[in-house]
Each structure stands twice: as C-alpha cells, then as structure tokens.
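If you use our numbering, the sequence shown corresponds to residues 1 to 181, in order.
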Amino acid sequence: MNTLKNVCIEAELNTLPIVVKYDSIWTQWLDAQTPLFSQVLINKPDREPILLLLGLLTKSHIEHCSTLADNRQAIIAMLDAIEGSVGHKYSDSFQQQDLISLQLITHAWLYVQGSLNMDFSLANDHALSTTTQVSSITQQDIHELRTQYLESYYKGKERRAKPPVTGFRQWLYRLIAKSQR
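Below you can see the structure in the form of structure tokens.
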C-alpha cells in the first residue's frame with residue numbers, strides 16, 4: 001500500500017543527510033501530512049504517488065515559508081536572547097524548529113524535483129528564494145546555503161539516473177542469468 005512514509009522511502013528521501021540528522025522533525029512532518037496524503041491518493045488514484053508527494057511538498061514549502069515570514073521578527077528576537085544569555089559559543093545548540101522544518105522540506109522538495117527531472121532554473125529560483133529568507137535570520141552565507149539546497153536537487157537527479165530494480169526487472173535478470181548457465 002502507498003503510504004506517505006512508503007512513498008518517501010521509495011523515493012529515498014530518508015537517505016538525505018538533513019532527514020537523517022533531523023529524523024524526529026521529519027517524522028513529525030510525515031505524521032502530520034499522512035491523512036492528507038492518504039485522502040489525495042484516494043481522490044487521484046490515476047496519479048503517480050511521487051507526483052502527489054511533489055504536490056504535498058510544494059504545499060508544505062509554501063506553508064513553511066509563510067510561517068517563517070510571519071514569525072521572522074520573533075525568531076530573530078528569540079535567537080538574540082539565547083545568544084545574549086548563553087553566548088555565541090553555545091547558542092548553536094538551541095534549534096529553531098520553524099527554520100529546521102523549512103530547510104528539511106526545501107531539501108526534500110528539491111530532491112523530488114531533481115528525481116522527476118524538473119527544470120533546474122525553477123529549482124535554482126526556489127533554492128535562492130528560500131536561502132534569502134533563511135539567511136536573513138541565521139546570517140548564513142547565501143551562496144553556501146543555496147549550494148547545499150541544490151546538492152539535494154542533484155542527488156535527486158542522480159537517483160533518477162539509476163532506476164530502481166523492480167519486481168519485473170529482478171525476475172527478468174534471474175531469467176537471463178538462468179538461461180546463461
């Protein structure tokens with residue numbers, strides 16, 4: 001059965017370094033989005049699950065960008081207060097979940113775009129837009145952050161270049177191997 005978790009595993013999203021690093025936040029997103037994804041699967045049974053995943057990630061990306069924009073000043077104030085009380089050296093150990101969630105979704109979204117062989121310029125524009133928003137809070141280097149996002153896009157493209165071995169393909173390989181004995 002196609003569940004959101006299974007579609008993400010099949011797409012190999014669970015191998016992205018940021019997903020591995022923030023597994024609990026990724027799991028929260030999966031749990032929150034599973035009911036909607038299940039309903040979309042029922043309503044659109046003729047669509048490929050990976051395309052439905054792309055749509056869900058697009059929706060989530062828009063929502064996370066909006067949430068971050070709405071809370072930008074509060075997040076900056078909170079991060080400044082943390083840095084002021086514990087110092088810069090220890091302030092990095094405090095994580096802001098809205099920022100992490102947006103970065104997780106962006107990496108996953110760009111990865112799926114790459115795996116679907118979507119236009120690079122569109123992915124680059126989205127990476128730059130998200131980078132600008134995130135770096136306005138974190139003060140990270142824009143080019144470095146954008147490059148990290150685009151790495152996920154290219155990992156998706158690499159995945160596309162190696163088609164998964166399906167049940168039929170495995171059967172065919174075994175049949176050919178037997179005939180060569």
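For every residue, glycine included, the Cβ atom is placed at its ideal position computed from N, Cα and C. Just so it is clear, the structure is predicted and the values come from calculations on it, not from any experiment.
Can you check whether the CB of residue j is closer than 9 Å to the CB of residue i?
i: S115; j: K157; result: yes
i: V112; j: A11; result: yes
i: V7; j: I50; result: yes
i: S101; j: H126; result: no
i: L41; j: N14; result: no
i: L145; j: I105; result: no
i: I25; j: Q97; result: yes
i: L30; j: L68; result: no
i: L4; j: F37; result: yes
Mind checking whether the beta-carbon of residue i lies closer than 8 Å to any heavy atom of the ligand GDP?
i: Q133; result: Looking at this structure, you won't find the ligand GDP or any other ligand, since it has none at all.
At what residues does the alpha helix (DSSP H) containing residue i begin and finish?
i: P49; result: 49-86
i: E10; result: 4-10
i: N116; result: The question names Asn, yet the displayed sequence has Leu at residue 116. Premise fails: L116 is in no alpha helix (DSSP H) and is neither H nor E.
i: K21; result: 17-21
What's the call for residue i, buried or exposed, on a 16-neighbour Cβ count within 10 Å?
i: S152; result: buried
i: H61; result: buried
i: L122; result: exposed
i: T147; result: exposed
i: Q33; result: buried
i: K155; result: buried
Does DSSP put residue i in a helix, in a strand, or in coil?
i: Q28; result: helix
i: D46; result: coil
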